[in-house]
Each structure stands twice: as C-alpha cells, then as structure tokens.
Amino acid sequence: MTNVKHLFDLTGNKALVTGGASGIGYTMAEALAEAGSAVAICGRGKHGNLEVAAEKLKKITSEAIALKCDVGVEFDILQLADQLEEVDFSVDILLNNAGLSWGHPSETMPIERWNMVIDVNLTGLFFVTKEIVNRFMIPKGEGSIINITSVSGYKGGEVGVQAYAASKAGLVGMTKQLAVEWAMMGIRVNAIAPSWFPSYMSRHFTSEDSPFRQQLIEGNPMKRLGEPWELKGTVVFLASKASSYITGTVIPVDGGLLSK
Amino acid sequence: MKQRNVIDLFRLTDKTAFVTGGAKGLGTAINEGFLEAGVKKLFFCGRGRHGSLDTETNRLIELYPEVEIIGYQCDISDESQVGSMIEELKTATDQIDILVNNAGVTWATPSTDQTMKSWHRVIDTNLTGSFLITRDIAREFMIPKTQGSSIINISSLLAIQGNAEAPQVGYTASKSALLGLTRQLAIEWAIHNIRVNCILPSFMEGIDSMAKIFTMDGSPIRETLLDMIPLTRFVQPSDLKGVICFLASDASSYITGQEIILDGGLSVKG
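Sequences listed follow chains B and L, in order. Using my numbering, count along the first sequence one by one with no gaps and you end on 1426. Using my numbering, count along the second sequence one by one with no gaps and you end on 317.
Okay, structure coming up:
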C-alpha cells in the first residue's frame, strides 16, 4: 500500500495552468510547483505579467515557462499546443482556470458580452482540453484535468452574472461527460468550485472598500472569505495519485456556502 | 500558514485522531493513513469481537512505537457505552482534532423482508451511533478549543444511488441520512472552526469490507460491476487514505459540508 506521504508528490509531472499569471490561477500554479511539478502558464499576457509570474515559479520548481494565449481564440490554442510540443513539455496535469465575467442585468444583456464570456469560460476551455488531451494525454495513457468552475454554477447570486453562471454550470456537465468518456484512456477529469476569494477579478465584491464584502462574509457559514492559499491543497489533491480513483466530481471550496 | 509549502498542508503532525470502527476493515486503512501522515496520538473504537481490538492495537504499535495508540471497546449504538468511553478518553487526552465516523453494519435482504430488529440494528449504529459519538467529541474536545477540527463521515455511494443486486434498505437510508447530518453540523459548527465533510466510496476491494461479497474473485457479479465503472477497478485502501488525509488536514481548511465521491466515475455515468 502506498504511503500517504508520497501520494501528493508531483515530482516528474508537467502541468499547464491557463490564466496562470495572476489571481487564483497563479496561486494554484504555485501549489503545483511546490508539490514538485514543472509548470507552464498561459494567459493573454497583459502588462508583461506572464514573464514575471514564470520568473517567480522558477524559484520554486525546476521548469517554469510562460506562453501567450487567449483561450477564446482557436488560433491561439493551436499555437499554444505547438509551442508546448516544440519545447517537449508533455502535459500530465491540465488546470483550466482561465475565465472572465461580465456583469449586466439579464433583461438587457447584449449578445456580444454573453458570447465573450461563453467563448472563453466554456468553449475555449473545451478546445484547450481537446488539444492537450489529443497531443499529450491520450498518447501517454494518463492525465489529470481540473476545471475551475464556481459556486455560481450551482446557485444564483449577484445580479447580472447570468453568462458566468451558465458557463460555470456548463463546466460541471462537461466535467462529468469527459470523465466518463476518457476514463478508459487513464485520464481523470474533476472540477473545483470556489466561492469568493479575493483577487483582481473579484475586486468589485471582495476588496476592503467594496460595499458587498461584509455581506459576503456574513452570508458564509465560516464568516469569512476564502484565502487564496486554501485552494492549493485541493488542486494538488486532484492533480496527484492521492485522488487516483476520483473522476467526474466537483469539489466546492466554499466555507460551507452550498450546504446552507 | 500562508507561507507553508503545499505538501506541508497535508501533514497531520501534532494532531490527534479518533476513528470509529477502527479495529477492522476500512478502519485499519484509515488508521494507517493517519499514522503515515504523522498524527501524535491515535484512538479508535470497535465492538472488539474475536480480539480484533488487541490485534489492531498491537499491529499499529509495532509499526509506530513512538505514537500513543489506544483501542476502546464500544458499541456506539449504546449511549451509555459511548458516555463511558468518552470519560475514559478524557483521562487519556485533552485533545482530539479529527474524528472519522467509519463504524457501520449492514443487513442485506429484500426490503419486504426487513424486520424491525434488522432495521434498528443498522440505523442505530450507522446513524444514531455516529451522531452520539460526534455530539460528545465535539462538545468535550472540539468546541472548547479554537484551533480547527475536522469530522469525516464515511457514507457510501448507496447514499445517492440504489442497488438492485443486494438490497440493504436500512444501510442505504442510514448512509443518505449521514449526508444530511454532515450538512447540518457543518453549518451549525462552522463558527467553532469545526469542519464536517463526508466521503462516498463505491465498491471496495482488498480489505475486509461489506463490498467483499461483490468484489472478491469468484463473485458472480465482479466482472459486471467492473464493466460499469469508468476507471475499471474497485476502490483500494490507498484511495481512501488520500482523501481522508486531505479532509483531515489544513489542505482542506475552507471545505465544509461537502461530499467527496470516491467511485472511479461510476455515479456520473449515464
């Protein structure tokens, strides 16, 4: 029987984290690096933040690379996969974190904004997954895919996040379908559903001066927001052998919000 | 805690754990997982039939002589036995950080033939017994302290799916009820920094568990079951160790009220 101490070790693995330059994406990339995995991060690369993040990751693990990719653009996805092949970065762990949101009351939501969210959060995520699975995971006969969904995929909340909620609920269904379809190839597919964690993306709700912050804290059974490091354990658990019999599941990291 | 390497988040150093149904089967794998993750003290209980408590205690002490390990005889369906054990436990430790409600029994027979006696035997242990232990350990050890505690209920995939091959309605009802118990206690005790989660394993292999009659070589439905499971194998004891240490440790500090399904994809297959 494997000793539990080794179950969480990712030494020798290669992980790709989409949207890994900042926010919770970076924190989760850091977790994979700390557990011993080589890490590639990709993102739209605004303000040169990709390179800065990769430099920080290099201090933690043997190999860290940054690649420019807008997952909402098919050409970018193909180029990303080509570049990974060129540097022989054969992905074992895919963390689909890239995502965006646009808040607008549902009754007047413009289709352009709707498409912008769905194209990245759902469509982009699927096509990145398809490309990585075909090029790296199926040939190896193994892989772990982790999709970042949200408690918004389960329960309604703030006004105007209909596209985000739909995309995140869509990921739950997609996670289950891909898990069943690819289990035979040794590929596991799971998801994490965080509640509110402070980040640049969630700043309108979670920052110290946000009028919503106190409300979110009061509404949570643990009476606090999540701290970014609290996602690290779940990512490493799902990426590693510690979860080798878990596929098709969603793990909420939400301070108990969904049980209320 | 923020500065800790993620691997350190899974360590249980300085923690004390209590496992019900710890003398046999799945309980022995859970004990091992905790010891491997570095717990300071390990307590467990069981009905202790055929000397199983001594056998398991001696086995563990031989592996981990530096850890304080005590096995208590207790039928958890009996409130007075639970009460006496808690009193004894208080003389051995003032700290319990982790509780695993693993003890369980079953009675398989068509539902039309279930008697009041067999129904009660199952519900009184799996549900009421788990609640009694949880109530007392939370009150005596977890609520008084401020550091985090973790309670893990071992439910079953049967909590969310029926099974035609071996109907065991009391077991199924008790395991579903543990999901409700998990959510209620998680919400009620979140302010005490106690997390409550549960695990839903499917068919187990390699240990003396209730699923053995289905999964052992020679079982007439072994192959049929394997064909139904996307990952084409049964649950192994090490699968349980990983998820238990994840839920027991600081690696899951913002997770409460949750169900972790450990089933190789069985339940998501249409």
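Just so it is clear, CB atoms sit at the ideal spot from N, CA and C, and this is done for glycine as well.
Less than 7 Å between C-beta atoms, sequence neighbours within five positions excluded: which residues of the same chain meet that for residue i?
i          : result
Tyr1366(B) : Ser1188 and Gly1189
Val1346(B) : Gly1414
Phe1378(B) : Phe1371
Pro1418(B) : Val1317, Ala1359 and Leu1424
Glu126(L)  : Leu179
Leu226(L)  : Ser202, Ala206, Cys245 and Glu306
Ser124(L)  : Asp171, Thr172, Thr175 and Gly176
Does residue i have its Cβ less than 8 Å from a Cβ in chain L?
i          : result
Glu1384(B) : no
Ile1190(B) : no
Ser1203(B) : no
Met1388(B) : yes
Glu1308(B) : no
Phe1174(B) : yes
Ile1314(B) : no
Val1170(B) : yes
Pro1364(B) : no
Thr1400(B) : yes
Val1237(B) : no
Gly1311(B) : In the sequence as displayed, the identity of residue 1311(B) is Ile instead of Gly. No, because no Cβ of chain L sits closer than 8 Å to the Cβ of Ile1311(B).
Phe1403(B) : yes
Val1338(B) : no
Lys1222(B) : no
Val1294(B) : no
Starting from the beta carbon of residue i, find every residue of chain L whose beta carbon is closer than 9 Å, and list them in chain order.
i          : result
Gly1178(B) : Under the 9 Å cutoff, chain L gives no residues; its nearest Cβ is about 15 Å from Gly1178(B).
Phe1302(B) : By Cβ distance, chain L contributes nothing, its closest Cβ being about 20 Å from Phe1302(B), past 9 Å.
Val1346(B) : Pro277, Gly312, Val315, Lys316 and Gly317
Thr1274(B) : Under the 9 Å cutoff, chain L gives no residues; its nearest Cβ is about 35 Å from Thr1274(B).
Ala1349(B) : Ile276, Pro277, Leu278, Thr279, Gly311, Gly312 and Lys316
Just to make sure I have the definition right: I need the residues of chain L whose C-beta is within less than 7 Å of the C-beta of residue i. Which are they?
i          : result
Ser1410(B) : Asp286
Glu1396(B) : Ser300 and Tyr301
Gly1414(B) : Gly312 and Val315
Glu1200(B) : Asn52, Val53 and Ile54
Ala1197(B) : Val53
Lys1225(B) : None at all; the shortest Cβ gap to chain L is about 13 Å.
Val1419(B) : Tyr301 and Ile302
Could you tell me the alpha carbon to alpha carbon distance between residue i and residue j, rounded to whole angstroms?
i          : j          : result
Ser203(L)  : Asn210(L)  : 12 Å
Leu1382(B) : Val1325(B) : 14 Å
Thr1289(B) : Val1237(B) : 9 Å
Leu56(L)   : Leu287(L)  : 18 Å
His239(L)  : Ile190(L)  : 6 Å
Ala1483(B) : Met1340(B) : No answer is possible for residue 1483(B): it lies beyond the span of chain B, which begins at 1167 and ends at 1426.
Glu1393(B) : Asp1420(B) : 10 Å
Ile1304(B) : Ile1298(B) : 9 Å
Arg168(L)  : Phe1174(B) : 39 Å
Ile1226(B) : Glu1196(B) : 8 Å
Leu247(L)  : Ala150(L)  : 14 Å
Glu252(L)  : Arg1369(B) : 48 Å
Pro1271(B) : Trp1280(B) : 11 Å
Mind checking whether residue i and residue j have CB atoms under 8 Å apart?
i          : j          : result
Ile1312(B) : Leu1261(B) : yes
Pro214(L)  : Ala155(L)  : yes
Asn52(L)   : Glu1240(B) : no
Ile307(L)  : Pro284(L)  : no
Lys87(L)   : Thr63(L)   : yes
Ala1408(B) : Phe281(L)  : no
Arg230(L)  : Gly304(L)  : yes
Gly93(L)   : Gly68(L)   : yes
Taking Cβ-Cβ distances shorter than 7 Å, what residues in chain B pair up with residue i?
i         : result
Arg230(L) : Ser1425
Val147(L) : Correct list: empty, because the minimum Cβ distance to chain B is about 14 Å.
Gly69(L)  : By Cβ distance, chain B contributes nothing, its closest Cβ being about 16 Å from Gly69(L), past 7 Å.
Any heavy atom of the ligand NAP closer than 7 Å to the beta-carbon of residue i?
i          : result
Asn1386(B) : Ligands are entirely absent from the displayed structure, and the ligand NAP is therefore not among its contents.
Consider the Cβ of residue i: report whether some Cβ of chain B lies at a distance smaller than 8 Å.
i         : result
Phe293(L) : yes
Leu309(L) : yes
Phe57(L)  : yes
Ile238(L) : yes
Val282(L) : yes
Val290(L) : yes
Val53(L)  : yes
Glu113(L) : no
Gly74(L)  : no
Gln305(L) : yes
Glu83(L)  : yes
Gly34(L)  : Coverage of chain L is limited to positions 48 through 317, which leaves residue 34(L) absent and any answer about it impossible.
Can you find the residues in the same chain that come closer than 8 Å, C-beta to C-beta, to residue i, ignoring five residues on each side of it along the sequence?
i          : result
Ile268(L)  : Glu212 and Phe261
Glu1251(B) : Arg1301
Lys137(L)  : Glu187
Run down chain B in chain order and give the residues with a C-beta less than 8 Å from the C-beta of residue i.
i         : result
Ala233(L) : Pro1387, Gly1422 and Ser1425
Residue i touches chain L at which residues, Cβ-Cβ below 8 Å?
i          : result
Gly1392(B) : Tyr301
Lys1342(B) : Val315
Within the same chain, show all residues whose beta-carbon is closer than 6 Å to that of residue i, passing over the 5 residues directly before and after it, in chain order.
i          : result
Gly1331(B) : Looking at the sequence itself, residue 1331(B) is Ala, so the reference to Gly does not match. Contacts found: Ser1318.
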